[in-house]
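S.K.: Numbering (full-length UniProt numbering), first residue to last: 1 to 116.
Each residue gets a CB set at the ideal place from its N, CA and C atoms; glycine is no exception.
Keep in mind that this is a model prediction, so the values were computed, not measured.
Just passing along the structure, written as structure tokens.
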């Protein structure tokens, strides 16, 4: 899938939209969207696991929506305590919309680092 469509999928996940609604709006199969999200999961899972290893959660009722959409720099995002707590709590929830948003940002960040 091309990167522009991936970005649109991620943007909608960051807005807490379900896959079914994204598929309808973009005219793409739901299964294709799920495959893209699975790619993000596979690519970022180890990185996120290492990022939160031994982390003590400070806030277990985090709502990352506002922070995710305000902070564009991924390095800054991954230093945010609320985001790190959210990752710690939801990393293994493969249907979490905000985690998909975080995964996409991390995926793009890792791809960019890889290409340098």
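Going by C-alpha to C-alpha distance, which of 26, 19, 12 and 53 sits closest to residue 65?
M.R.: Closest option to residue 65, Cα to Cα, is 12.
S.K.: Near residue 67, what residues of its chain come up, given a Cβ to Cβ distance below 8 Å and the 5 sequence neighbours on each side ignored?
M.R.: Cβ neighbours of residue 67 beyond the five flanking positions: 77, 80, 82 and 83.
S.K.: Within the same chain, show all residues whose beta-carbon is closer than 8 Å to that of residue 75, passing over the 5 residues directly before and after it, in chain order.
M.R.: Counting only Cβ-Cβ distances below 8 Å, and skipping sequence neighbours, we find 109.
S.K.: Which of helix, strand or coil does DSSP assign to residue 96?
M.R.: If DSSP states are grouped into helix, strand and coil, residue 96 belongs with coil.
S.K.: With a CB to CB cut of under 6 Å and the five nearest residues on each side skipped, what residues in its chain are close to residue 57?
M.R.: Closer than 6 Å at Cβ, skipping near neighbours: 85 and 88.
S.K.: Apart from the five residues just before and just after residue 19, which ones in its own chain have a Cβ nearer than 7 Å to its Cβ?
M.R.: Only 30, 33 and 34 meet the Cβ criterion.
S.K.: Just to confirm before moving on: does the CB-CB distance between residue 5 and residue 100 stay below 8 Å?
M.R.: No, the Cβ-Cβ distance between residue 5 and residue 100 is not below 8 Å.
S.K.: So is residue 92 buried or exposed if we call it buried at 16+ other beta carbons inside 10 Å?
M.R.: The residue in question, residue 92, is exposed, as its Cβ has fewer than 16 Cβ neighbours within 10 Å.
S.K.: So, are the CB atoms of residue 97 and residue 41 less than 8 Å apart?
M.R.: No. Outside cutoff.
S.K.: Please report the Cβ distance between residue 26 and residue 15, rounded to the nearest whole angstrom; I am assuming they are in contact, meaning their Cβ atoms lie under 8 Å.
M.R.: That belief does not hold up - the Cβ atoms of residue 26 and residue 15 are roughly 13 Å apart, past 8 Å.
S.K.: Within 10 angstroms of the Cβ of residue 53, are there 16 or more other Cβ atoms? Answer buried if so, exposed if not.
M.R.: It is exposed - the Cβ of residue 53 has fewer than 16 other Cβ atoms within 10 Å.
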